[in-house]
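Trainee: This structure is in structure tokens; I'll ask about it shortly.
Chains as they are written, first to last, in my numbering: chain W, 937 to 1353; chain B, 937 to 1353.
Okay, structure coming up:
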């Protein structure tokens, strides 16, 4: 009976801990087949440095609370393994650590880059003769993994952006007579416009609201954009612009990169929201406000999508079940079975088909003018934001768990990354 | 039996419509004493331009839904009446409109500037001989009105900031090993640091988190601030900075005013968050992320404080009851009766004591080093964020009401503002 290694990688989400919960609870239910679950402190770095957390020291209650706790309870990392050829010493170290702690199962919870790391670890068996079963648990707010219909983490950020866009647009509607006419909200998504698309859900048949979306998939056309905003303001008196951080001009440059300097000549950090707001002010002479959601959007467990929480848990659970069947180099993927009512199941994807590939918004999901979402896109997105899954509160604040995260006693010497 | 005029003024909040609900439902309960409630479209401008909304055309269900709908359902305005001496024509116009629509009660829902407008309207009786009873309904996210223990609208933004700061700090904690070490969140409050203070609630005995706060009441000291951040990062590995938009340097200049220029020499809009983040990067060489909450914070009805919703409703209700007793030039104020358990009641404040005065954070609410809140401040703030009051959802989104807002037939000629 082998122990398992689990770690979190890349940008965290509101529900990555729900996947951790799924992995750990499922492993605990198979005590005859899996020993302990050791978590890597800060992702794969925890494996390389033998910095392991003994999750068996955590109570059932604490593990259950992961389900409603955002961010990465064991710490994450941005660290990509090189190939076995390039950095053989790292892989030998991994084997050394796994052997020392009797680890036979490897679960890695992350996005595209992390799937690549997981794929490389899965090759330890075949290439270096260490028996390991490696299963990737999908996670990314960017929703850009292939094969799977959607990615755990995305539904919650989509719900947050849809709800926030609706709320802020009602605000600007109230102010438009004498003050703010345009509200600009910057959202994540450097390459793919999935999160920006969620802003389009703010407006529906219940409540029509003018929302103009700027996608990274569509080259920014200033004149067309200003015309679109002016038309919305003419019709409604106000409008909201949801802009992806990754929007680029026709020259391929990020709009956020404006070479800003302060009065002292210091290079200044930009966001794309102030660039868009400045444009609206300069060219249309409209009052504006702007917001940058940044981490707030992906950490917002308080308004997580219930569907997302269920799927995050289910992928964690399925990963353990696949590992127990000896399936190496795979990933649980979400398959949409039906649209109305929305039904889904977990399938198994080959990791080689997942790693290092990005899924962009199909052109058919973006309206002809490039500033909105189509009905097809709406039908894709809506099921993913269904249901609320409120965390418990104490004293006015969500009661998020902090684990003890007790280290496993080291058996090996130091390793330099 | 006279009709009533109700209007919303200044920046809107997550619960100003709950006050509207309190006013309208209470007036409806006193049908023998108050006629119709006419709402001003876009605040006092609706009165001046005779642009009145007949709220009697709205169903009981629609009015009840105001309780969970953010922003200003009738439109707000930023428009301050001059004194009767300076602009007599405006006051004569108000009388003309009130007379034409048989209005004897005036309810104005706003902050300090709006209290001034309400006070001026209350003088119509004495100064210009038109019998009116004017009652102000307090509202401001800034929590800066005097007399009242706190302001409706503040508790919800405080809850949003406390929750969001907790969530984003868990996020940066996860990322700190290889990536982001400092997260900067810009919040509202140009003059008073009440909202920034709410960031301090994110950390408590349940969950200790390093949060450094920058208040507008404390002149920014760069060296001291950088030392504070460096110390937090040394101890925890990461930290969050909650910065009020109104933070100024020792020279009295807003930190946000950095004279930014883009590569083309265009003046660029700044926020204070990127300034602080840039400083942390330049001087401490720490990776960072930054967010600007802007309208999201004050529109976030999805995570409103239940206490705040109750108080917003109660002040609206009390305003009508005071008016029915003929009390002119007053405002329902919240009085804290006991701390544990938190109990409060509505008292009556004289409007002349409220208008044009700002309440800043007492120095005793800010920690000695100027970067945190004291226990006294915590005890003041905590009751205000208690309880959740979730709106109903449909199809994954909060079901906010949009009223019919049918206009009252005009009886008078045009009036130029």
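Glycine included, each C-beta is placed from N, C-alpha and C at the ideal position. Just so you know, these numbers come straight off a predicted model, no measurement behind them.
Mind pulling the chain B residues with CB within less than 7 Å of residue 1023 of chain W?
Mentor: By Cβ distance, chain B contributes nothing, its closest Cβ being about 17 Å from residue 1023 of chain W, past 7 Å.
Trainee: Compare the C-beta of residue 1095 of chain B with all C-beta atoms of chain D and state if any pair is closer than 8 Å.
Mentor: Note that chain D does not occur in the displayed structure, where the protein chains are W and B.
Trainee: Report the rounded CA-to-CA distance for residue 1274 of chain B versus residue 1333 of chain W, giving the unit in angstroms.
Mentor: Between residue 1274 of chain B and residue 1333 of chain W, the C-alpha separation is close to 21 Å.
Trainee: Step through the CB atoms of chain W and report whether any lies within less than 8 Å of the CB of residue 1110 of chain B.
Mentor: In terms of beta-carbon proximity, residue 1110 of chain B lines the interface with chain W, with at least one pair separated by less than 8 Å.
Trainee: Please state the DSSP three-state secondary structure of residue 1283 of chain W.
Mentor: strand
Trainee: For a cutoff of 8 Å on Cβ pairs, would you count residue 1143 of chain B as touching chain W?
Mentor: Chain W, which has a Cβ nearer than 8 Å to the Cβ of residue 1143 of chain B, makes this yes.
Trainee: Can you tell which of W/1237, W/1092, W/1196 and W/1100 has the C-alpha that lies nearest to the C-alpha of residue 1320 of chain W?
Mentor: W/1092
Trainee: Using a C-beta to C-beta distance shorter than 9 Å, which residues of chain W count as neighbours of residue 1115 of chain B?
Mentor: 947, 1012, 1013 and 1014
Trainee: Quick check on the DSSP output: what are the complete alpha helix (DSSP H) runs of length 4 or more inside the segment 1098-1168 of chain B, in order along the chain?
Mentor: 1130-1134
Trainee: Determine, for residue 1162 of chain B, whether the minimum Cβ-Cβ distance to residues of chain W falls below 8 Å.
Mentor: No, residue 1162 of chain B lies away from the interface with chain W (no Cβ there is under 8 Å from its Cβ).
Trainee: With DSSP collapsed to three states, give me the class of residue 1304 of chain B.
Mentor: Coil at residue 1304 of chain B, not helix or strand.
Trainee: Within the continuous alpha helix (DSSP H) that includes residue 965 of chain B, where are the two ends?
Mentor: Residue 965 of chain B -> alpha helix (DSSP H) spans 952-965.
Trainee: On the DSSP letters alone, give me the boundaries of the alpha helix (DSSP H) that residue 1034 of chain B sits inside.
Mentor: 1024-1036
Trainee: Please look up how many angstroms separate the CB atoms of residue 1094 of chain B and residue 1134 of chain B, rounded, as I've assumed it's under 8 Å.
Mentor: Residue 1094 of chain B to residue 1134 of chain B, Cβ: 4 Å. Contact.
Trainee: What does DSSP give as the partner residue(s) for residue 989 of chain W in the beta ladder?
Mentor: DSSP output for residue 989 of chain W lists W/975 and W/1343 as bridge partner(s).
Trainee: At the 8 Å Cβ level, is residue 1218 of chain B part of the contact set with chain W, yes or no?
Mentor: Yes, its Cβ sits closer than 8 Å to a Cβ of chain W.
Trainee: For residue 1247 of chain W, tell me which candidate among W/1123, W/986, W/1325 and W/1264 has the shortest Cα-Cα distance.
Mentor: Looking at the Cα atoms, W/1325 is the closest of the given residues.
Trainee: Under DSSP, the beta strand (DSSP E) around residue 1274 of chain W begins and ends at which residues?
Mentor: 1266-1274
Trainee: Is residue 981 of chain W close to chain B? Criterion is C-beta to C-beta, closer than 8 Å.
Mentor: With 8 Å as the cut-off, residue 981 of chain W counts as an interface residue toward chain B.
Trainee: Can you tell me whether residue 1029 of chain B is buried or exposed, with buried defined as 16 or more other CB within 10 angstroms of its CB?
Mentor: buried
Trainee: Closest to residue 1046 of chain B by CA distance: which of B/1058, B/1089 and B/1062 is it?
Mentor: B/1089
Trainee: So, are the CB atoms of residue 983 of chain B and residue 941 of chain B less than 8 Å apart?
Mentor: yes
Trainee: Against chain B, with Cβ distances strictly below 8 Å, would residue 1239 of chain W count as a contact?
Mentor: yes
Trainee: Helix, strand or coil: which one does DSSP assign to residue 1044 of chain W?
Mentor: strand
Trainee: Can you tell me whether residue 1014 of chain B is buried or exposed, with buried defined as 16 or more other CB within 10 angstroms of its CB?
Mentor: buried
Trainee: With a Cβ-Cβ cutoff of 8 Å, do residue 1256 of chain B and residue 963 of chain B count as a contact?
Mentor: yes
Trainee: Within 7 Å: the Cβ of residue 1291 of chain W and any heavy atom of the ligand NAP?
Mentor: Because no ligand of any kind appears in the structure shown, any question about the ligand NAP cannot be addressed here.
Trainee: Examine chain B for any beta-carbon lying closer than 8 Å to the beta-carbon of residue 1058 of chain W, and answer yes or no.
Mentor: For residue 1058 of chain W, the answer is no, since every Cβ of chain B falls outside 8 Å of its Cβ.
Trainee: Using 8 Å as the limit for Cβ to Cβ distance, is residue 1044 of chain B near chain W?
Mentor: no
Trainee: Helix, strand or coil for residue 1214 of chain B per DSSP?
Mentor: helix
Trainee: Quick check on DSSP: helix, strand or coil for residue 942 of chain B?
Mentor: strand
Trainee: Kindly list, in the order they appear in chain W, the residues whose Cβ is closer than 8 Å to that of residue 1099 of chain B.
Mentor: Residues of chain W passing the Cβ test: 1238, 1333 and 1334.
Trainee: List the residues of chain W that residue 1137 of chain B touches, going by C-beta distances under 8 Å, in chain order.
Mentor: Simply 1332 and 1333.
Trainee: Just to make sure I have the definition right: I need the residues of chain B whose C-beta is within less than 8 Å of the C-beta of residue 1321 of chain W. Which are they?
Mentor: Chain B residues near residue 1321 of chain W: 1332 and 1333.
Trainee: Can you name, in chain order, every residue of its own chain whose Cβ lies under 8 Å from the Cβ of residue 1329 of chain W, other than the five neighbours on each side?
Mentor: Around residue 1329 of chain W, the same chain offers 1335 as residues with beta carbons nearer than 8 Å, after the five sequence neighbours per side are excluded.
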